[in-house]
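Comments concern the structure below.
Residue numbers (the working numbering): 3 to 356.
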């Protein structure tokens with residue numbers, strides 16, 4: 003992820019040659035070497051990805067929803083999405099439940115539960131279409147049950163547990179005078195585990211360190227190591243990455259005339275996660291073959307200054323007391339330099355992928 007203070011990324015323009023007429027409402031016409039022109043014959047759609055809690059609301063009775071203000075709020079939000087130009091996806095909930103290595107349930111039990119949940123979602127929405135089909139869910143679980151969505155999962159969990167279990171006291175605010183030293187130690191831990199210094203899990207942990215209340219609510223560090231749920235914390239962090247994946251994939255397909263879905267949204271009642279998520283912006287998506295699997299590489303930007311809510315931007319101490327221009331870098335600038343510094347193994351960390 004590339005660090006940035008503010009501003010949106012500019013989409014890349016792609017030139018193609020040839021003609022394609024798509025059966026789902028697009029006519030794509032362009033001459034060789036010219037800029038692509040897409041004539042839309044159907045309205046643009048928005049894909050809403052439900053998290054597990056949002057999906058759970060769709061199967062609750064009216065009495066259960068009325069008795070729980072949080073569920074009632076989510077139910078009203080979901081009802082507002084029930085229009086024909088919206089699409090509903092349960093993919094993120096499917097990913098989380100399928101990849102959970104702690105579950106002792108059989109594949110058939112998991113299939114029955116998830117398909118049942120999706121059927122409830124279909125019944126909840128009268129106009130918005132739920133995109134996952136039963137056969138897709140069955141195939142997904144059969145092929146990927148117990149397999150981590152991200153291959154780096156063991157390292158990410160180890161990083162979070164070491165952060166929680168160490169002597170940092172991350173479950174409580176860290177004194178400002180000690181934060182940079184702790185940040186340097188966290189970055190060294192990431193290096194040792196083979197994690198990019200600009201990876202989401204590192205960025206969100208640094209946000210906790212520098213007083214971001216939303217990030218603290220996402221990771222939920224605990225004084226008792228046994229009480230810290232690293233799996234749940236990582237699932238929330240990686241939801242940010244998974245949304246970037248799907249957003250970029252759908253945007254690419256939309257501009258190629260392969261889908262009517264132009265916009266994406268993540269539906270969660272976790273306001274803290276939503277605020278943290280808003281600081282990350284995917285800019286490019288690519289894939290590469292890696293033996294028996296395919297790696298998906300995402301490049302993006304981070305609104306780092308917004309993420310680190312309590313970091314100092316004040317200049318450092320003067321090296322020459324009579325020259326105000328001799329002030330050292332601010333703590334924010336020092337941290338950016340640390341994050342973007344050369345990492346073991348070479349490479350350019352400023353263009354690191356998540």
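The beta-carbon is built from N, C-alpha and C at its ideal position, and this holds for glycine as well.
Distance from the CA atom of residue 189 to the CA atom of residue 87, rounded to whole angstroms, is 44 Å. In the DSSP secondary-structure assignment, residue 68 is not bridged to any residue.
Non-local beta-carbon contacts of residue 127 in its own chain, meaning distances under 7 Å to residues more than five positions away in sequence, involve 84 and 90 in chain order. Proximity of the region 275-285 to the region 236-256 meets the contact definition, three or more beta-carbon pairs being nearer than 8 Å. At a cut-off of 3 residues, the continuous stretches assigned as beta strand (DSSP E) that sit fully inside the region 231-296 are 263-269 and 282-292.
Looking at the DSSP output, residue 302 shares a beta bridge with 284. Between residue 271 and residue 104, the beta carbon gap of about 23 Å keeps them out of contact (Cβ cut-off 8 Å). Annotated three-state conformation of residue 129 is coil, per DSSP.
Residue environment analysis places residue 65 among the exposed positions, since fewer than 16 neighbouring C-beta atoms fall within 10 angstroms of its C-beta. Within the same chain, and ignoring the five residues on either side of residue 146 in sequence, the residues whose Cβ sits closer than 6 Å to its Cβ are 100. Closest in alpha carbon position to residue 119, among 60, 171, 304 and 336, is 60. Residue 207 sits in a helix when the DSSP states are folded into three classes.
In the three-state DSSP reduction, residue 165 falls in the helix class (H, G or I). Between residue 205 and residue 304, the gap from beta carbon to beta carbon is short of 7 Å.
The Cβ-Cβ distance between residue 247 and residue 281 does not fall below 7 Å. Under the three-state reduction of DSSP, residue 76 is assigned to helix. Remark: C-beta atoms of residue 113 and residue 140 approach each other more closely than 7 Å. Residue 148 holds the alpha-carbon nearest to the alpha-carbon of residue 106 among 148, 340, 218 and 77.
Annotation for residue 54: no beta strand (DSSP E) segment contains it, though the alpha helix (DSSP H) segment containing it runs 54-59.
Annotation for residue 181: the continuous alpha helix (DSSP H) segment containing it runs 178-194. Residue 184 is positioned such that its CB atom lies closer than 7 Å to that of residue 176. In the same chain as residue 75, and ignoring 5 residues on each side of it, the C-beta atoms closer than 8 Å to its own belong to 271, in chain order.
The alpha carbon of residue 161 has as its nearest neighbour, out of 259, 62, 232 and 249, the alpha carbon of 232.
Annotation: the continuous beta strand (DSSP E) that includes residue 91 extends over 88-91. Per DSSP, reduced to three states, the secondary structure at residue 100 is helical. Excluding residues up to 5 positions away in sequence, 150 lie with their Cβ nearer than 8 Å to the Cβ of residue 156 in the same chain. Under DSSP, residue 50 takes part in a beta bridge, and its partners are 90 and 267. Distance between residue 129 and residue 343, taken at the CA atoms: about 50 Å.
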